[in-house]
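Contents: one structure, followed by commentary.
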Amino acid sequence: MLEHRGMVNGRTKPLRVAVFNASERYHGYATGVGKHAVNMVGELARRKDVDLTFWVPKDYWALDQSAPSMAPLAHVQSCRLPISRRAYAAATLSLNWPSLDAYSGEVDWIYSPREVLVSARHANTAVTIHDVYHFEPGRKKRFDPRTLMRFAMWSRIVSRASVVLTVSEFSKSRICEVFGADRARVQVLGNGIEQHFFDISRMDPDVASPLSGVKYFIAVGGISRKKGGHNLLRFAEQLAIQASEIRLVVIGPVEQEFRSDASAARNVMLIDGGIDDLSMGRWIRGAIALVSLSNYEGFGIPGLEAMAAGVPVVANRGGGALPEIIGEAGLMIDADSATDLAEAVELRRDANLRDTLIKRGHARAAEYRWDRFCDRLATLLSAYAARPYS
């Protein structure tokens, strides 16, 4: 349970927050969970009412100190811990020891923007779980040794954390169902959209497009079971029937079971990741529409990025959090329905529907800004402390 500590504005000293294991500090490219880590931590670091420090395991210290000045979060101060990441993970999983706050100065909170088990002696702990896809009933690999070990670790995250953070009501419901979490201890933040996706909406799509003279739909996230690989390939087949001159551009990795069919599809263009956000914005802006046919999403950032960029979105209504996040601002379809897939392809010629979706989408995306969700996090951390929990 959580108990109230008072109003945010009532604090006379900055909130002391230690960030543990946000490895995106070192990298220039991030998607999904990485974007959440970079932006939430970056926004926290900019607040005058928060004193934020990275706590870095000793085996990451050299990498931390060599991070280029332009790397995300390079401006945030860091503190070296006298233990390696792997040794700490093993010890805290089995022993709930050592306490991270025993190594450094006192802090109010130890915060992780991703699924990392932490232990603390006095500090409160806040850990983010983005989705529980790997532990859902029906998953073939649910009971393999690696997944079982992860399940044990995440179970301890849920039971030990002062507060569990997540990004959608869908993910909250699944965390509570799969791990038996107390709903009062699971708090929904969200994900935001970077400004340049809004900025690029003012650019002519033909000028923005990296494929001059080529019309295309786009899917971001690759081709996998989770991302609705079979749905995307069926969409490509329908696209070939109705508009053979139009391509489906897929950005992201392709799982082994889909590689043969994806490579054989003559209208599918595969880009296996490695695209920075500015380039991603151009790819999205140049598309007829973004298709998000995932079978399972804890959130679905690319859909909102497309909406911000002035591009309509086609989304699977059976895709986890997609109906919650995209809603009526997108064209929601049943990805198992050939009729619905055909309707999605026809979006290329329905100017009125496109204009309606673009307007709705842009307004929807404007609700999802990183500073808003950081305000929500700062309010939560400032206003609450954890009671002893067992």
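Adding 46 to a residue's 1-based position in the sequence shown gives its number in our numbering.
For each residue, glycine too, the CB sits at the ideal point set by N, CA and C.
For P103, DSSP records a beta bridge to L127. Shown here, I264 sits in a strand according to DSSP, grouped into three states. For V204, the enclosing alpha helix (DSSP H) covers residues 191 to 206. Taking C-beta atoms as the reference points, P358 and R400 count as a pair closer than 8 angstroms. Here the segment 264 to 283 lies against the segment 310 to 318, with 3 or more beta-carbon pairs under 8 angstroms apart.
Remark: C-beta atoms of I156 and F263 do not approach each other more closely than 8 angstroms. The Cβ atoms of A335 and L279 lie no closer than 8 angstroms to each other. Here the alpha carbons of Y149 and H408 stand approximately 46 angstroms from one another. Here S158 is bridged, per DSSP, to V173.
The beta carbon of A282 lies closer than 7 angstroms to those of L294, A311, N313, V314 in the same chain, with the five residues before and after it left out. Contact between N362 and S340 holds, with the beta-carbon distance rounding to 6 angstroms and staying under 8 angstroms.
About 19 angstroms separates the beta carbons of V204 and F189, which is beyond the 8 angstroms limit, so they are not a contact pair. Note that the segment 364 to 374 does not touch the segment 242 to 257; fewer than 3 beta-carbon pairs, one per stretch, sit closer than 8 angstroms. Excluding sequence positions up to five before and after P128, its CB lies within less than 7 angstroms of the CB of K104, Y149, all in the same chain and listed in chain order. DSSP places A310 outside any beta strand (DSSP E); the residue lies instead in the alpha helix (DSSP H), whose first and last residues are 302 to 310. Linking I175 to K81 through their CA atoms gives a straight-line distance of about 14 angstroms.
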